[in-house]
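Peer 1: So the protein sequences, as listed, match chains R and P.
So for the first sequence, the UniProt record's numbering puts the first residue at 1; every next one is plus one.
So for the second sequence, the UniProt record's numbering puts the first residue at 1; every next one is plus one.
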Amino acid sequence: MLKVLIPTIMLFPTIWLTSPKWLWTTTTAHSLLIASISLMWFKWTSETGWTSSNTYLATDPLSTPLLVLTCWLLPLMILASQNHINPEPISRQRLYITLLASLQTFLIMAFGATEIIMFYIMFEATLIPTLIIITRWGNQTERLNAGTYFLFYTLAGSLPLLVALLLLQQSTGTLSMLVLQYSQPLQLNSWGHMIWWAACLIAFLVKMPLYGVHLWLPKAHVEAPVAGSMVLAAVLLKLGGYGMMRMMVMLDPLSKELAYPFIILALWGIIMTGSICLRQTDLKSLIAYSSVSHMGLVAGGILIQTPWGFSGAIILMIAHGLVSSALFCLANTAYERTHSRTMILARGLQIIFPLTAVWWFIANLANLALPPLPNLMGELMIITTLFNWSPWTILLTGLGTLITAGYSLYMFLMSQRGPTPNHITGLQPFHTREHLLMTLHLIPVILLVTKPELMWGWCY
Amino acid sequence: MASRLSRVWPTLSRVRVSAALGSRCVSQTPKSSASSAAVASDLQPVSPAAQDSHGHAEVSPFEKNPDFHGFHHHDSFVDEWNMRLAFFFGISVAIVIGGTFIHYLPDHGMRQWARREAERLIKQRESEGLPLMTENYYDPSTIVLPSSGEE
């Protein structure tokens, strides 16, 4: 764990001491090296449990894919931001990369934490760099509103979580995940216990987000600059899923009844947010609502608490992280050229940018869960486990899959196909950097088809 | 409806987008034409060195440096080396070497072994004519049950 954490902390001297000419080169190379080293986490030393060299930070088959995704995303964020941050004064550029690197550090410590309180502190700590990125570098005045929604939705959810964790510490004497997984089932039979159950999960449901409390997400994703959108969609949402999976261990047997309304909300959210996607005019907003839709499926899979549900949730989280981030990068390339997120403004791009049309095509196919990509595998596992729980859910999940295919194709056809308007022909050609960014997003998704057991988690 | 829009749209888009794009289109018609009379950018005269909010000049960076890779606008040396290092560390190191490392990871949880063992046993039992699996996990004669009717 330290062999990745120390180089990540050493990113800060790299950022501040490199000469301005080579800043982006060195940070890109440094973070790609960290990403390569992070692949060593896949070598689990124990067959069933945690891999750790100390009691504070450990990895297990649930946290490892998310950790590797986090480490992979930092160089991609740096690549994506290089163009629009470059004109700014050098110290502000350094500050921007510092915020990204500090997010990385907090996220590694969050996913690697063995104490739930440490996870909670890191979970909260990630809010600060993200808030600064959204409100300082966002492009429209709505970014202030977006930052407020983002901050207060998450905080309002996580304050009950703090109280619940302190209560848990009081009753069990420990908050170490290593120990709690073996503790006796708690006596959960009163109304107070039910409120405690809800308090444990609300923070993560807001973060995922669950449909009823999802309003912060479209605002935050749309107003954030590209690196902010990438990290939000790819990793920060998964913090919610990861937290839920860790907490579920202790929340039985109440979860059998109490999960019911949340599963229904999640499923209904898939349909509703999918339908909203079909009516969007703003490209980033469409991708943001698509994220809510996919994460609704993940939330449903986690709340079901079966091995297939958990495995499907992890697979879908990883696959969605990569693909959603790729879509935001593509949307940003259109935004940097036209300075507008309106979809009908940047349409008919295939004739002008043929290779980029390939990336748009693959990213949208992945988004609509094309086999054999892991997006489909995760979705199928979750749909199957939901069907096993109640056959009626197939109506909602099936319709959700249909609508997902609908809006993904709508996004592709609207941006790529059709007659090219006259104002598009003057746009700048695509840079090597942007093509590299897309390949670095999409090649891992395709490679994961060949070795899905990296993502199956510890339930299988 | 769509045909009406497609007739109106080109003019609308030219007005709106040229206001937004302003100085960044490579081919620029003279500003004295009638259609640009309503364009907002006419209010501030556009010069070739005009910069938009992101500091991009009116001229595309590909004019000065045809091998522009998108990494550094003014220094082609830094731009080229940034591209080389990004590709090397991103693809050759992370994806190729990292991918090879992942490919050769040991069989975690003995899942691949379990599949091979199952196939081997199936083949063996089918050739010997034995049933694939016995119904009882434990030998029933070894199970001692309490007799019914007592306590």
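All residues carry an ideal CB built from backbone N, CA and C; glycine is no exception.
Note that the structure is a prediction, hence the values are computed from the model and not measured.
1) Anything in the region 420-439 of chain R with a Cβ closer than 7 Å to a Cβ of chain P? List those residues in chain order, please.
2) Should residue 450 (chain R) go down as buried or exposed, given a rule of 16 or more other Cβ atoms within 10 Å for buried?
3) Any beta-carbon of chain P closer than 8 Å to the one on residue 160 (chain R)?
4) Say whether chain R places a C-beta atom closer than 8 Å to the C-beta of residue 136 (chain P).
5) To which residues of the same chain is residue 47 (chain P) closer than 6 Å at the C-beta, ignoring the five residues directly before and after it?
6) For the alpha helix (DSSP H) containing residue 142 (chain R), name the first residue and the last one.
7) Going by beta carbon distance, what residues of the same chain come within less than 8 Å of residue 114 (chain R), once the five residues before and after it are set aside?
8) Using a Cβ-Cβ cut-off of 7 Å (strictly less than) and excluding sequence neighbours within five positions of residue 39 (chain R), which residues of its own chain qualify?
9) Inspect the CB distances between the region 125-132 of chain R and the region 230-239 of chain R and report whether three or more fall short of 8 Å.
10) Under the three-state reduction of DSSP, which class applies to residue 369 (chain R): helix, strand or coil?
11) Can you name the start and end residues of the alpha helix (DSSP H) that residue 284 (chain R) belongs to?
12) Which partner residues of residue 176 (chain R) appear in the DSSP bridge assignment?
13) Taking any Cβ of chain P, which residues in the region 438-454 of chain R have a Cβ under 9 Å from it, in chain order?
14) Run through DSSP, which three-state label would residue 52 (chain R) get?
15) Just by C-beta distance, which residues in the region 111-133 of chain P are closer than 9 Å to chain R?
16) Do the CB positions of residue 219 (chain R) and residue 149 (chain R) come within less than 8 Å of each other?
17) According to DSSP, residue 59 (chain R) sits in a beta bridge with which residue or residues?
18) Please list, in chain order, the chain P residues whose beta carbon lies closer than 7 Å to that of residue 152 (chain R).
19) Tell me the rounded alpha-carbon separation between residue 124 (chain P) and residue 132 (chain P).
20) Taking residue 81 (chain R) as the query, report the chain P residues whose CB atoms sit under 7 Å from its CB, ordered along the chain.
21) Can you name the residues of chain P whose CB is closer than 7 Å to the CB of residue 21 (chain R)?
22) Report back the beta-carbon spacing between residue 196 (chain R) and residue 164 (chain R) to the nearest angstrom; my notes put them in contact at under 8 Å.
23) Within the continuous alpha helix (DSSP H) that includes residue 33 (chain R), where are the two ends?
24) Is it right to say residue 284 (chain R) is buried, meaning 16 or more other beta carbons lie within 10 angstroms of its own, or is it exposed?
25) Is the beta carbon of residue 211 (chain R) less than 8 Å from the beta carbon of residue 259 (chain R)?
26) According to DSSP, what are the bridge partners of residue 342 (chain R)?
27) Taking all protein chains shown into account, do 16 or more other C-beta atoms lie within 10 angstroms of the C-beta of residue 79 (chain P), making it buried, or fewer, making it exposed?
28) Which class does residue 224 (chain R) belong to by DSSP, given the choice of helix, strand or coil?
29) Do the region 296-307 of chain R and the region 267-275 of chain R meet, that is, are 3 or more Cβ pairs less than 8 Å apart?
30) Thinking C-alpha only, which one of R:154, R:247, R:203 is nearest residue 186 (chain R)?
31) Can you pull the chain P residues whose beta carbon is under 9 Å from the beta carbon of residue 28 (chain R), in chain order?
32) With a cut-off of 8 Å, does the C-beta of residue 93 (chain P) fall near any C-beta of chain R?
33) What's the gap between the Cα of residue 300 (chain R) and the Cα of residue 71 (chain P)?
34) Is the separation between the beta-carbon of residue 403 (chain R) and that of residue 274 (chain R) shorter than 8 Å?
Peer 2: In short:
1) 421, 422, 423, 426, 428, 429, 431, 432, 433, 434, 436
2) For the purposes of this step, residue 450 (chain R) is taken as residue 450 along the first sequence, with counting starting at 1. Residue 450 (chain R) comes out exposed.
3) For the purposes of this step, residue 160 (chain R) is taken as residue 160 along the first sequence, with counting starting at 1. No - not a single Cβ of chain P is within 8 Å of the one on residue 160 (chain R).
4) Taking the first residue of the second sequence as 1, we reach residue 136 (chain P) at position 136. Residue contact check for residue 136 (chain P) against chain R: no CB pair falls below 8 Å.
5) Numbered from its first residue, the second sequence carries residue 47 (chain P) at position 47. Residue confidence is low: residue 47 (chain P) scores 47 on pLDDT, short of 50, so the model does not pin down where it sits. No coordinate-derived value is stated.
6) By one-based count along the first sequence, residue 142 (chain R) stands at place 142. Looking at the DSSP string, the run of the alpha helix (DSSP H) that includes residue 142 (chain R) is 142-172.
7) Within the first sequence, numbered from 1, the residue matching residue 114 (chain R) stands at position 114. Correct list, in chain order: 50, 52, 55, 56, 57, 58, 176, 177, 178.
8) For this step, residue 39 (chain R) is matched to residue 39 along the first sequence. Hits under 7 Å: 68.
9) yes
10) Along the first sequence, read from residue 1 onward, the residue named residue 369 (chain R) stands at position 369. Three-state DSSP puts residue 369 (chain R) in coil, outside helix and strand.
11) Here residue 284 (chain R) is taken as the residue at index 284 of the first sequence, counted from 1. Boundaries of the alpha helix (DSSP H) around residue 284 (chain R): 283-304.
12) Walking along the first sequence from the start, residue 176 (chain R) turns up at place 176. In DSSP, residue 176 (chain R) forms a bridge with R:115.
13) Within the region 438-454 of chain R, 439, 440, 443, 444, 447, 450, 451, 453, 454 place their CB atoms closer than 9 Å to a CB of chain P, listed in sequence order.
14) Counting from one through the first sequence, the residue named residue 52 (chain R) turns up at place 52. The answer is strand: DSSP assigns residue 52 (chain R) an E or B state.
15) 111, 112
16) Looking up residue 219 (chain R) in the first sequence gives position 219. Looking up residue 149 (chain R) in the first sequence gives position 149. Yes.
17) Taking the first residue of the first sequence as 1, we reach residue 59 (chain R) at position 59. In the DSSP output, where bridge partners are listed per residue, residue 59 (chain R) has R:51.
18) Locating residue 152 (chain R) in the first sequence gives position 152, counting from the first residue. Residues of chain P with a Cβ closer than 7 Å to the Cβ of residue 152 (chain R) do not exist, since the nearest Cβ in that chain sits about 30 Å away.
19) The residue given as residue 124 (chain P) occupies position 124 in the second sequence. The residue given as residue 132 (chain P) occupies position 132 in the second sequence. Looking at the two C-alpha atoms, the distance is approximately 9 Å.
20) As a first step, residue 81 (chain R) must be located in the first sequence, where it is residue number 81. Under the 7 Å cutoff, chain P gives no residues; its nearest Cβ is about 12 Å from residue 81 (chain R).
21) Position 21 of the first sequence, counted from the start, is the residue given in the question as residue 21 (chain R). In chain order: 75, 78.
22) Here residue 196 (chain R) refers to the residue found at position 196 when the first sequence is read from its first residue. Here residue 164 (chain R) refers to the residue found at position 164 when the first sequence is read from its first residue. Yes, residue 196 (chain R) and residue 164 (chain R) are in contact; Cβ-Cβ is about 5 Å, under 8 Å.
23) On the first sequence, residue 33 (chain R) is found 33 positions in, with the first residue counted as 1. 23-38 is the span of the alpha helix (DSSP H), which, as asked, contains residue 33 (chain R).
24) Position 284 of the first sequence holds residue 284 (chain R). Sixteen is the threshold: when 16 or more other Cβ atoms of the shown chains lie within 10 Å of the Cβ of residue 284 (chain R), as they do, the residue is buried.
25) Reading the first sequence from its first residue, position 211 is the one you call residue 211 (chain R). Reading the first sequence from its first residue, position 259 is the one you call residue 259 (chain R). Against a cut-off of 8 Å, the Cβ pair of residue 259 (chain R) and residue 211 (chain R) comes out as no contact.
26) Locating residue 342 (chain R) in the first sequence gives position 342, counting from the first residue. Partner(s): R:282.
27) The residue you call residue 79 (chain P) lines up with position 79 of the second sequence. Its Cβ being crowded by 16 or more others within 10 Å, residue 79 (chain P) is buried.
28) For the purposes of this step, residue 224 (chain R) is identified with residue 224 of the first sequence, where counting begins at 1. DSSP, read as helix, strand or coil, puts residue 224 (chain R) in coil.
29) Cβ pair count under 8 Å is three or more, so yes.
30) As a position in the first sequence, residue 186 (chain R) is number 186, starting the count at 1. If we check each option's Cα against that of residue 186 (chain R), R:247 comes out closest.
31) One-based indexing of the first sequence puts residue 28 (chain R) at position 28. Chain P residues near residue 28 (chain R): 71, 82, 85, 86, 89, 90.
32) Your numbering for residue 93 (chain P) matches position 93 in the second sequence. Under the Cβ distance rule, residue 93 (chain P) counts among the residues neighbouring chain R, one pair being separated by less than 8 Å.
33) As a position in the first sequence, residue 300 (chain R) is number 300, starting the count at 1. As a position in the second sequence, residue 71 (chain P) is number 71, starting the count at 1. Between residue 300 (chain R) and residue 71 (chain P), the C-alpha separation is close to 42 Å.
34) Your numbering for residue 403 (chain R) matches position 403 in the first sequence. Your numbering for residue 274 (chain R) matches position 274 in the first sequence. Yes, the Cβ-Cβ distance between residue 403 (chain R) and residue 274 (chain R) is below 8 Å.
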